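*Asks:* Okay, here's the structure, questions in a sec.
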Amino acid sequence: MRFIKRVELNSPTRPAQFFYSLKLIPFRRLISNRIDIEGTVYNFWLFPSKNKRKYIAAFPVENVNHFLVFEYREISQCYLSTQKEYKLSDFDMEKPIVKMVYSWM
Numbered sequence: 007m008r009f010i011k012r013v014e015l016n017s018p019t020r021p022a023q024f025f026y027s028l029k030l031i032p033f034r035r036l037i038s039n040r041i042d043i044e045g046t047v048y049n050f051w052l053f054p055s056k057n058k059r060k061y062i063a064a065f066p067v068e069n070v071n072h073f074l075v076f077e078y079r080e081i082s083q084c085y086l087s088t089q090k091e092y093k094l095s096d097f098d099m100e101k102p103i104v105k106m107v108y109s110w111m
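Structure representation (structure tokens):
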């Protein structure tokens with residue numbers, strides 16, 4: 007997986023509200039386990055994209071004032087340990103597949 011960007015939200019929102027507001031349907035929670043990234047616990051959500059690029063949004067479990075956007079190439083890249091605290095630098099990958107598709111990215 008490759009970390010793309012941290013997106014700040016104007017007001018706290020739930021992941022479902024965010025995806026519905028941008029008409030990013032269907033969306034689904036990717037894994038049921040929560041992942042710790044730099045001291046914040048996140049839930050991972052998969053959402054559709056244009057140009058068949060695969061994105062994951064990581065929304066914090068508490069104080070949802072931002073989310074993280076990741077890109078992945080294979081679903082096997084999404085298996086993360088719940089026992090480890092990750093850093094954003096752990097999510098490095100080679101060059102992006104295509105240009106950014108959404109304006110908030």
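Residue numbering for the sequence shown follows the working numbering, beginning at 7 and increasing consecutively.
For each residue, glycine too, the CB sits at the ideal point set by N, CA and C.
Bear in mind the structure is a predicted one, so any value in this text is a computation, not a measurement.
#1: Strictly by DSSP, which residues pair up with Leu-52?
#2: Can you give me the C-alpha to C-alpha distance between Glu-77 and Tyr-26, rounded to a whole angstrom?
#3: I need the DSSP call for Tyr-26, collapsed to helix, strand or coil.
#4: Excluding the five sequence neighbours on either side, which residues of its own chain have a C-beta within less than 7 Å of the C-beta of Phe-97, listed in chain order?
#5: Taking only the alpha-carbon atoms, compute the straight-line gap between Val-67 and Val-47 and give it to the nearest angstrom.
#6: In whole angstroms, what separates the C-alpha of Ile-41 from that of Asn-16?
#7: In angstroms with no decimal places, state the Cα-to-Cα distance between Phe-50 and Leu-74.
#8: Hey, could you find the ends of the beta strand (DSSP E) Phe-73 is sitting in?
*Replies:* Based on what the coordinates show:
#1: Taking the first residue of the sequence shown as 1, we reach residue 52 at position 46. For Leu-52, which the question treats as bridged, DSSP gives the partners Arg-34 and Ile-62.
#2: Translated into the one-based positions of the sequence shown, residue 77 becomes position 71. Translated into the one-based positions of the sequence shown, residue 26 becomes position 20. Glu-77 and Tyr-26: Cα-Cα distance of roughly 20 Å.
#3: As a position in the sequence shown, residue 26 is number 20, starting the count at 1. Three-state DSSP puts Tyr-26 in a helix.
#4: By 1-based counting over the sequence shown, the position of residue 97 is 91. The answer, listed in chain order, is Met-7, Arg-8, Phe-9 and Phe-76.
#5: Looking up residue 67 in the sequence shown gives position 61. Looking up residue 47 in the sequence shown gives position 41. For Val-67 and Val-47, the distance between alpha carbons rounds to 6 Å.
#6: Position 35 of the sequence shown holds residue 41. Position 10 of the sequence shown holds residue 16. Counting only the Cα atoms, Asn-16 lies some 24 Å from Ile-41.
#7: Reading the sequence shown from its first residue, position 44 is the one you call residue 50. Reading the sequence shown from its first residue, position 68 is the one you call residue 74. If you take the alpha carbons of Phe-50 and Leu-74, they lie about 9 Å apart.
#8: Counting from one through the sequence shown, the residue named residue 73 turns up at place 67. Element bounds for Phe-73: 72-77.
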